[in-house]
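To start, the structure under review is shown below, and the notes come after it.
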Amino acid sequence: MKRKKQRIGSVVNTIITAMLAFLFLFPVFYAFMSSFKTNGEILKSPMALPSSLNWDNFTYLFQETNFIQAMKNSIIITVVSIVLIILIIPMAAYGIERKRSKATNLIYSLFIAGMMIPFQVYMVPLFKELKTFGIFGTMAAPVVIYIASTASFGVLLYCSFIRGVPKELEESAAIDGYGKMRIFWKIVFPLLKPCTSSMIIINSLSIWNDYLMPSLVLSSETGSTINVEIFSFVDQYTSRWDVVFSGTTCAIIPILIVFICLQKHFIKGIAAGAIKG
């Protein structure tokens, strides 16, 4: 009887997982399929398969638009933001977690409180601050915003992982003559690989797919990012859906490669985070 119930439960779980996988993968398949169709085919029969592999959409995308420059901007913003996030936030969390005092507890509380404040509340003051520092309209503006907006969650996540690192390892390294910075980067940081992989994937997805922030803080001289450029193909009266889907397909590939490369560490990080939470 128990085996029958387990089999039924397993079948139900498989069916639900297959349905969820279909719901998540179908938009990707639809975008890929539509990227090889003409605009007329998409408007006439959106769900039909392409009659032939039409590469003109990609030719137009790379030769007649600013898509290549937009992709370069997205890559620069994403890579620089992720590198600075991984350099700054773990050190902040390490300092807070290992030097427990009233001051660090207050700082930690401020980081947690920052997660409760919606973007709409500080949007206008943020833009005024960017203009004051002279970086509004430059590539530095979204990078600074992404680092600041990630700090609260990043410190919370890294602090929970650092608690699981035995202090004896750091004490042994200190006896061997290691300084604080060397102890962190040589001893502690390598043990945070699952957490770091999770941070890279989550924030890479968020930054790469972001439309709102680049559209607000980047100027026309600086250029747009990939999602802003794709949205420019959609007009009130005429829309190039064939080019939109071609651009979407090209935008999916880089972030998919990052996820595949870090998938194992990402799953370990999520599982470990759930246990620590």
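Those letters in the sequence shown? Residues 38 to 314, by our numbering. All C-beta atoms, glycine included, are put in the ideal place defined by N, C-alpha and C.
Three-way DSSP call (helix, strand, coil) for Ser276 in this model: strand
Counted within 10 angstroms of its Cβ, other Cβ atoms place Ile45 as buried (16 or more) or exposed: Looking at its Cβ environment, which holds fewer than 16 other Cβ atoms inside 10 Å, Ile45 is exposed.
Cβ distance (whole Å) where Val271 is taken to contact Pro251 below 8 Å: Wrong, their Cβ atoms sit about 16 Å apart, outside the cutoff.
Cβ contact check for the region 229 to 241 and the region 148 to 166: 3 or more pairs under 8 Å: no
Whether Tyr183 touches Ser243 by CB criterion (9 Å): yes
Where Asp247 sits in the DSSP three-state scheme: coil
Chain D contact for Lys301 (CB, 9 Å cutoff): This model lacks chain D altogether; it includes just one protein chain.
Alpha-carbon to alpha-carbon, Phe148 and Ser241: One alpha carbon belongs to Ser241, the other to Phe148, and they sit about 21 Å apart.
Candidates Cys298, Ile294, Arg219 and Val281: closest to Phe95 by CA position: Distances from the CA of Phe95 to each of Cys298, Ile294, Arg219 and Val281 were compared; the closest alpha carbon is that of Val281.
Three-pair Cβ contact test at 8 Å for the region 69 to 76 versus the region 86 to 93: yes
Supposed contact pair Phe221 and Met128 - C-beta distance, whole angstroms, cut 8 Å: With 8 Å as the limit, Met128 and Phe221 qualify as a contact, their Cβ atoms being about 7 Å apart.
Assigned secondary structure, Leu255 (DSSP; H/G/I helix, E/B strand, else coil): In this structure, Leu255 counts as strand in the three-state DSSP scheme.
Residues of its chain near Leu90, where Cβ-Cβ distance is below 8 Å and the 5 sequence neighbours each way are ignored: Apart from the 5 residues on each side of it in sequence, Leu90 sits with its Cβ closer than 8 Å to the Cβ of Phe73 in its chain, given in chain order.
Meets three-Cβ-pair contact criterion under 8 Å: the region 133 to 151 and the region 189 to 209: yes
Check whether Leu121 and Val65 have beta carbons under 9 Å apart: The answer is no: Cβ separation not under 9 Å.
Separation of Lys81 from Gly260, as counted between CA atoms: 34 Å
4 or more residues per run - each alpha helix (DSSP H) lying fully within the region 129 to 195: The DSSP assignment places complete alpha helix (DSSP H) segments of no fewer than 4 residues inside the region 129 to 195 at 139 to 151 and 156 to 170, in order along the chain.
When Ile144, Ser235, Phe296 and Ile114 are compared against Ser189, the one with the closest alpha-carbon: Ile144
For Val202, three-class secondary structure by DSSP: coil
Beta-ladder partner(s) of Val281, from DSSP: Looking at the DSSP assignment, Val281 forms no beta bridge with any residue, so it has no partner.
Extent of the continuous alpha helix (DSSP H) to which Asn94 belongs: From DSSP, the alpha helix (DSSP H) with Asn94 extends over Asp93 to Gln100.
Spatial distance of Ile297 from Ser234 (CA atoms): 11 Å
Validate contact between the region 97 to 111 and the region 163 to 175 using beta carbons, cut 8 Å, 3 pairs: no
Cβ-based burial, Leu249 [other Cβ within 10 Å; buried from 16]: That one is exposed.
Buried/exposed call for Trp278, threshold 16 Cβ in 10 Å: buried
CB contact flag (Phe12, Ser111, <9 Å): Residue 12 falls outside the range modelled here, since the chain spans only 38 to 314, and no answer is possible.
Identity of the residues DSSP links to Val271 by a beta bridge: The bridge partners DSSP lists for Val271 are Ser276.
Residues near Thr285 in its chain [Cβ-Cβ closer than 6 Å; skip 5 each side]: Ala68
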